[in-house]
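S.K.:
In UniProt numbering, the protein residues as written are 1 to 246.
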């Protein structure tokens with residue numbers, strides 16, 4: 001790796017499809033892919049992960065709203081932050097509108113050229129960028145079913161499912177997600193929520209819609225797709241009857 005090359009033989013994953021509980025075994029969507037990478041690859045990734053983390057920490061690069069894949073931060077911490085924001089609003093007789101976004105196949109569809117651009121934009125040392133380019137390029141996978149292995153196929157997008165470093169690369173890829181002055185954003189890995197609070201329902205609606213429009217443009221630019229069917233809008237209020245924030 002000191003020559004900026006991640007060995008080709010370390011970049012082939014074996015995919016084992018696992019049937020989700022209660023799902024139709026004849027439907028391919030019913031299976032969860034488990035990606036297995038060579039053990040030696042994990043060692044190389046551990047070195048890269050350490051180097052990248054050092055760069056991100058020293059330069060304070062990761063957005064504070066991202067609580068995934070970070071030391072001393074967890075889902076519980078992010079949930080507490082959101083809960084306190086909502087409760088503070090309720091204490092001041094304010095409603096809080098929230099939109100919970102679901103990024104479709106988040107890790108699998110990362111635009112690799114866009115990720116390399118962002119690594120450069122964050123002044124990542126060039127030797128690391130070169131290795132990451134090699135790491136992401138020409139990855140392959142084969143599917144194992146009943147001990148039979150399929151032919152290998154080339155992966156053209158994503159951050160290497162099942163890898164140690166993939167989650168952090170994804171966090172870096174969405175690190176410049178736009179913010180707004182009258183909303184807050186909450187991110188844990190690929191789970192994203194935007195929240196706005198006010199006594200006036202229309203103010204909340206306008207604030208959220210404005211932020212959603214900005215995000216829509218940003219998602220399109222970076223080839224990120226949102227799963228509309230799993231996106232939820234919720235209004236938190238002391239009133240038993242309250243309209244949604246749409």
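Glycine included, every Cβ here is placed at the ideal spot set by N, Cα and C.
#1: Output the boundary residues of the alpha helix (DSSP H) element that contains residue 43.
#2: Please state the DSSP three-state secondary structure of residue 31.
#3: Indicate whether residue 195 and residue 67 have their beta-carbon atoms separated by less than 8 Å.
#4: Hey, how far is the Cα of residue 87 from the Cα of residue 19?
#5: Within the continuous alpha helix (DSSP H) that includes residue 121, where are the two ends?
#6: Note down, in chain order, each residue of its chain lying with its Cβ closer than 7 Å to the Cβ of residue 106, except the 5 sequence neighbours on either side.
#7: Considering only the alpha carbon of each residue, which of 230, 210 and 202 lies closest to residue 94?
#8: DSSP on residue 190, reduced to helix/strand/coil?
#9: Helix, strand or coil: how does DSSP classify residue 209 here?
#10: Please classify residue 220: is it buried, with 16 or more other beta-carbons within 10 angstroms of its beta-carbon, or exposed?
M.R.: On the basis of the data shown:
#1: 39 to 58
#2: strand
#3: no
#4: 40 Å
#5: 112 to 121
#6: 170 and 190
#7: 202
#8: coil
#9: helix
#10: exposed
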